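Okay, so here's the structure we're looking at.
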Amino acid sequence: MSDKTINRVAKATPRRLARKVRGLSDRAITWIFVGPTIFLLLAINIFPLIWTINLSFTNFKANRINRAVDYIGLRNYERILTDGDIWLSMQATAHFLFWTIFFQVLIGFTLAWLINRKFKGNDIWTTIIVLPMMLSPAVVGNFWTFLYQPQIGLFNYVVAFFTGADPSSFEMLGSVDLAPWSIVIVDTWMWTPFVMLICLAGLRSIPDYIYEAAEVDRASKLRQFFTITIPMVMPFLMLAVLFRGIENFKMFDLVVQLTGGGPGSTTELASINLKREAFEKWRTGYSSAFAIILFVTVFGLASIYVKALNKVKER
Amino acid sequence: MTYSVTEPTKRQKWFAGTLVILYAIITILPLAWIMMTGFKTPPDSISYPPKVYFEPSLEGYVNLFTTRTRVSQETLENLPPPQNFAEEIVRNRGMVIAGPSKFGQRFLNSVIIGFGSTFLSIFLGTLAAYAFSRFKIPLADDLLFFILSTRMMPPIAVAIPIFLMYRKLGLSDTHLGMILLYTGVNISLAVWLLKGFIDEIPREYEEAALIDGYTRFQAFYKIVLPQAATGIASTAIFCLIFAWNEYAFAVLLTSGTAQTAPPFIPTIIGVGGLDWPAVAAGATIFLLPVMIFTILLRKHLLRGITFGAVRK
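From first to last, the protein sequence lines are chains X and A. Throughout the first sequence, residue numbering follows full-length UniProt numbering, covering 1 to 315 in sequence. Throughout the second sequence, residue numbering follows full-length UniProt numbering, covering 1 to 312 in sequence.
What follows is the structure, encoded as structure tokens:
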């Protein structure tokens, strides 16, 4: 309504005067307000992405700038898809992704369900549980290497205390079998609260009257859980999985500090492998191609997942 | 009291409470352990079995902030008496303080880059969010999704061209370079969160102001900004925490002048690999502000970590 009034006034007054009265036009303000953000995103995100695509078709090496750069077509992509190391790192990523999400969903949902029993002081304990999530992953990874020390570390000591094993008999970070699990444990410790918070929001969004109606219909508690609670929380849970999935696919800082990809290459996740190719072996063209493949994979999987999420929401 | 089917029984509450508190204690244990280790002496920190009771010492903190050199017993005896507690601690180990360590500088870098990029992200983000919230922008939804999708790129993937670009522009290892970079990363979060907060402010306020003769711009900063203050503050804290915690770009693009604390803290351990109290002290100083902010933020936490997708 008011917009119309203003427009009428604006039309009636000469242009120059209108400018003075109204200040800048809405359209001008829009571009002044949005412009800088778009510019920054183009400079920091899109321009580099295009550059990476360009580099991925070359044999450029960033530590030898003076060498002639040749366009070699799709050869980088071809090499990556047939490179055993890359597939190993993809496997390590898949293992990490699957188990972190599995444990975080399981523990996170259980915790949320328990907290939703509204016991006294639940918000204080929720705040405490949430703390690890906001900390710097690199620093967290660094101090967990201390907790994982074979003889002196707290983790080994506690495990040994409850199992009766010798605390120096196992190395969480040094052994090929245990290292992939040690990174899963730390990530689960850190990010379970994230899933918990989102599930809690889901549980709290279920109105009481639905349960009351079910009670009137004499549905058992178990039945209520599977036909009301789970379906109503599902969209929230799926959202949490989406966020964790994207984050852990990109996982770098926490694991690099914990294991550095070792022992051997058992915990060498995709991003760690990429860093090694790009900044240690300086195969810039090759690693650019790998970066593009990773980005397309995340983007593709996330888009498919979001479609599924929207379907669940509609139900 | 009236009977309610949705109110859990006393026994259920007791049971749930016990389990949650147990989990909370387990989850807080590693953090508590690190803070304790900061107050141990190096021998205490690596003793077996791990020491729960110990004599608190500031050696970790002294080692964190100083560099020390070993001197012979003779020179040590000929020195004037120690001026302060720090010198005393160091001399007990047969060393003298050689100078301040790099930690103070690295911490300051984290503060400068964190606050600089937060200020810039909030400034640009508020303007963009207001425009997205109030004006018709062609392809607004696509543009917003594009802004979000920039978050899906692995940082290392963007780091290659940024590394090359910064080398050319002379921005590598500079505060300005890192501030711009973190702003570019954080602005997507800022726009999404702030748009949500501004959407919640009724348009009628501004429309009334416009009729009263305010210009659009006046209406924006006199009406909308004060209303959005809480939202802006919590968005700012989120941006600050993300910039504060960032590691991948920092380790690849900085090495000296502009290096932040996260890539530096792991190097404190030194060659011998025994100075865990100093590492723990550094981690404590670095993590404590974030913990305090998290507690202050708890009402808006969910919103921040889900880009405003879940608002509670």
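Every residue gets a Cβ at the ideal spot worked out from N, C-alpha and C, and that includes glycine. Quick caveat, the model's predicted, so the values are computed rather than measured.
Fully enclosed alpha helix (DSSP H) runs of no fewer than 4 residues occupy 140 to 149 of the region 117 to 152 of chain A, in order along the chain.
Within a 10 Å sphere around the beta-carbon of X/P137 sit 16 or more other beta-carbons, which makes this residue buried.
In the structure shown, A/A98 adopts extended strand secondary structure according to DSSP, grouped into three states. The alpha-carbon separation between X/E78 and X/T58 amounts to approximately 13 Å. In the pairwise beta carbon analysis, the region 199 to 214 of chain A is classified as not touching the region 61 to 69 of chain X: fewer than three pairs are separated by under 8 Å. At a cut-off of 9 Å between beta-carbon atoms, A/T27 makes contact with chain X. For X/K118, the neighbours in chain A by C-beta distance under 9 Å run, in chain order, E7, P8, K13 and A16. The shortest CA-to-CA distance from X/G35 to any of A/I147, A/M178 and A/I292 is the one to A/I147. A Cβ of chain A is located within less than 9 Å of the beta carbon of X/P193. DSSP, reduced to helix, strand and coil, places A/T257 outside both helices and strands of the structure shown, so it counts as coil. In the structure shown, the three-state DSSP call for A/R203 is helix. Contact between A/P82 and A/R91 holds, with the beta-carbon distance rounding to 6 Å and staying under 8 Å. Taking 7 Å as the upper bound on Cβ-Cβ separation, chain A lies near residues F243, I246, K250, F252, D253 and Q257 of the region 242 to 257 of chain X.
Residues of the same chain with a CB within less than 7 Å of the CB of X/W99, apart from the 5 flanking positions on each side, are V184 in chain order. The continuous beta strand (DSSP E) containing A/T67 extends over residues T66 to R70. In the DSSP annotation of this structure, the continuous segment of the alpha helix (DSSP H) that includes X/R204 starts and ends at A179 to R204. Counting of Cβ neighbours within 10 angstroms places A/D44 among the buried residues, the total reaching 16 or more. A distance below 8 Å between beta-carbons, with the five flanking residues on each side excluded, links X/L88 to the following residues of its chain, in chain order: S265 and E268.
Residues of chain A with a Cβ closer than 8 Å to the Cβ of X/T127 are, in chain order, T294, I295 and R298.
If you compare the alpha carbons of A/L64, A/D199, A/R106 and A/L181 with that of A/P263, the shortest gap goes to A/R106. Contact with chain X is absent for A/L64, since none of that chain's Cβ atoms lies less than 9 Å from the residue's Cβ. A straight line joining the alpha-carbon of A/S234 with that of A/V290 spans about 13 Å.
In this structure, X/A278 sits near X/A62, with a CB-CB distance shorter than 9 Å. Straight-line spacing of the CA atoms in X/W125 and X/V140 works out to 21 Å. For X/S136, no alpha helix (DSSP H) run applies, since DSSP gives it neither H nor E.
Residue pairing by DSSP places X/T58 opposite X/Y71 in a beta bridge. At a Cβ-Cβ threshold of 9 Å, A/G231 and A/L189 do not count as neighbours. If you draw a straight line from the Cα of A/M153 to the Cα of A/I223, it comes to about 37 Å. Within the region 197 to 230 of chain A, those residues whose Cβ lies closer than 7 Å to any Cβ of chain X are, in chain order, E207, L210, I211, T215, R216 and F217.
At least 9 Å separates the CB of X/N66 from every CB of chain A. In the same chain as A/K51, and ignoring 5 residues on each side of it, the C-beta atoms closer than 6 Å to its own belong to D44, in chain order. Chain X has no Cβ within less than 9 Å of the Cβ of A/M178.
A residue is called buried when at least 16 other Cβ atoms come within 10 angstroms of its Cβ; X/T227 does not meet this threshold and is exposed.
Residue-level contact by beta carbon holds for A/P155 and chain X, with a gap shorter than 9 Å. With respect to the 9 Å criterion, X/I29 and A/R216 are classified as neighbours on the basis of their beta carbons. With the criterion set as a beta carbon lying under 9 Å from some beta carbon of chain X, the members of the region 139 to 154 of chain A are L143, F146, I147, S149, T150, R151, M152, M153 and P154, in sequence order.
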